Amino acid sequence: MARLLDVLREQLQLTGTKEGCGEGECGACAVLWNGTLVNSCLIPAAEADGADIRTIEGIASGAQLHAVQEAFLECGGAQCGICTPGMVLATVALMERHPHPGDAEIRAGLAGNLCRCTGYQKIFAAVLRACESAGSNSPEKR
Amino acid sequence: MRAYIPGYDLRVPAKLTEALGLLSGEPGMWMPFAGGTDLMVLLEAGKLSHKRFLSLRKVADFRGIEVTADAVLLGAMTTYTEIQQHPLLRMEFPLLCAAARETGSIATQNRGTLGGNIMNASPAADSPPALLVYDADIEIISSRDVRWQPYHEFHTGYKEMRIAPDELLRAIRLPRRTEVWKQHYRKVGTRKAQAISKVCFAGAAQMEAGTIRDVRIALGSIAPVVLRALKTENMLRGAKPTPRIVTEAKETLAREISPVDDIRSTARYRLRVAQNLLEEFLSQLGR
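Heads up: the protein sequence lines correspond to chains A and B, in order. Numbering-wise, this note's numbering comes out as the position in the first sequence, counting from 1, plus 1166. Numbering-wise, this note's numbering comes out as the position in the second sequence, counting from 1, plus 6.
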């Protein structure tokens, strides 16, 4: 019953996915499961058979960073970086559901991702920047 | 300390017959695994005593939300996200949608299931108070039987349930009777979000010319099981929610429930909050 998190990091060497709390509280291990945000520490790898798993490594297109990654860079939305992959993926998932999120939606969308460095304001600013620059019109999805 | 992973087994059958066959072949050996948002926490902490798990993820019989003229049927593997997104549930069962919205983070809501919340049997779970108010029934299946039972009879003590080792919770049925009732849900935890309940309140009342014709009140996190406040309900039926009645209802509730001290809160705080939540609910009925 190996965790998806461990298979990603140890077998597949996709170490962009981090382990924080290991109990589904912090969101550092977040990945996209068929497009929806999940915590990979709470998923047995065997259940992922047939699912489309997207980690932080699959967010950029080659050397071209995703709009969310660019926004985090521009706004200083990262310090130590442990929470950042999960924050970026939570933001990508949020923008799929709400292309133009309000403050409450941003806070709710990122509520499961804990950051001990930034105080969150720069992260929220990065999410707003990402939404502006993406001009996203993707369908509502969760 | 982390668990020794090779010591655990997980099966992910695609067919219901296969899942039920495993359970009936070796009763008690296989523990059903739903969203995993509770069990995987125990695994990581090295506190998962069960060794063999049966994932219900790929069995279609546990999925889907079906609407009929007089009820809504939710597969046990319905996630909190699916509950929140369902237009009819949002309209007619706002207490359940509120519970789904306040349970964990979005990542947890995408994974955690209604059936798992019932079977994990935590007295601090957020959906059971809503299910009690809606008079839910649950369907229990095994390779020998299919039976329905009222949800309020299901939990008999702390983590104790009326279910045999070869049985599975398949679905939850909500009767469509409460759409025009006034409904109120509120969870009180350490923080506004991402916290486990200290007290969880769900109430619904059918009003007629300012009088409470019928009322249902359920509370979580105040006893070994989530419970209906039946005495308080009885006292309120036929009454108008005047300040005097509100005071009387709070006193009745204090006699009816006996909250406990535990790691999350004290009995005294819980009782006071439960009474205040009752008052908040009743004060909205007059509007």
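Each residue gets a CB set at the ideal place from its N, CA and C atoms; glycine is no exception. Remember, it's a predicted structure, so these values are computed and weren't measured experimentally.
I'd like to know whether the C-beta atoms of B/I112 and A/A1277 end up nearer to each other than 9 Å. The answer is yes: Cβ separation under 9 Å.
Here's the rule: buried if 16 or more other CB atoms are within 10 angstroms of the residue's CB, otherwise exposed. What is B/T196? When all chains shown are included, B/T196 counts as exposed.
Helix, strand or coil: which one does DSSP assign to B/S271? In the structure shown, B/S271 sits in coil (DSSP, three-state: anything other than H, G, I, E or B).
Exposure label - B/Q189; buried when at least 16 CB within 10 Å: The residue is buried, with at least 16 neighbouring Cβ atoms inside 10 Å.
Burial state of B/V266, where buried means 16 or more other Cβ atoms lie within 10 Å: It is exposed - the Cβ of B/V266 has fewer than 16 other Cβ atoms within 10 Å.
What residues in its chain sit with their C-beta under 6 Å from that of B/R261, if we drop five residues either side in the sequence? Once the five neighbours on either side are set aside, B/R261 has no close Cβ partner at all.
Give the DSSP-derived three-state secondary structure of B/P181 in the structure shown. Taken through DSSP and simplified to helix, strand or coil, B/P181 comes out as strand.
Straight-line CA distance for A/S1304 to A/C1192? With a pLDDT of only 44 at A/S1304, under the threshold of 50, the placement of this residue in the model should not be trusted; the figure read from the coordinates follows. When rounded, the distance between both Cα atoms is 27 Å.
Residues bridged to B/V65 [DSSP beta-bridge criterion]: The beta-bridge partner set that DSSP reports for B/V65 is empty.
Enclosing alpha helix (DSSP H) for B/A255 [first to last residue]: Judged by DSSP secondary structure, B/A255 falls within the alpha helix (DSSP H) whose first and last residues are 249–262.
Along the region 199–225 of chain B, where does the CB come closer than 9 Å to a CB of chain A? Name the residues. Look at the region 199–225 of chain B: the residues with a C-beta under 9 Å from a C-beta of chain A are A199, Q200.
Where A/S1302 and A/V1293 are concerned, what is the direct C-alpha to C-alpha distance, given to the nearest angstrom? Since pLDDT at A/S1302 reaches only 45, below the 50 mark, its modelled position is unreliable, and no value is offered.
Collapsed DSSP secondary structure at B/A235 in the structure displayed: Judged by DSSP in its simplified three-state form, B/A235 adopts coil rather than helix or strand.
At a Cβ cut of 8 Å, what residues of the region 24–40 of chain B count as close to chain A, listed as they run along the chain? Using a CB distance below 8 Å, the part of the region 24–40 of chain B facing chain A consists of F39, ordered along the chain.
Within 9 Å of any Cβ in chain A, is that where the Cβ of B/S271 sits? The C-beta of B/S271 comes no closer than 9 Å to any C-beta of chain A.
Determine the closest residue to B/R176 out of B/R63, B/L102, B/M97, B/Q281, with distance taken between C-alpha atoms. Residue B/R63 holds the alpha-carbon nearest to the alpha-carbon of B/R176 among B/R63, B/L102, B/M97, B/Q281.
B/S227 beta carbon less than 9 Å from that of B/R276: Pairing B/R276 with B/S227 gives a Cβ-Cβ distance under 9 Å.
Any C-beta of chain A under 9 Å from that of B/F68: No, no contact with chain A.
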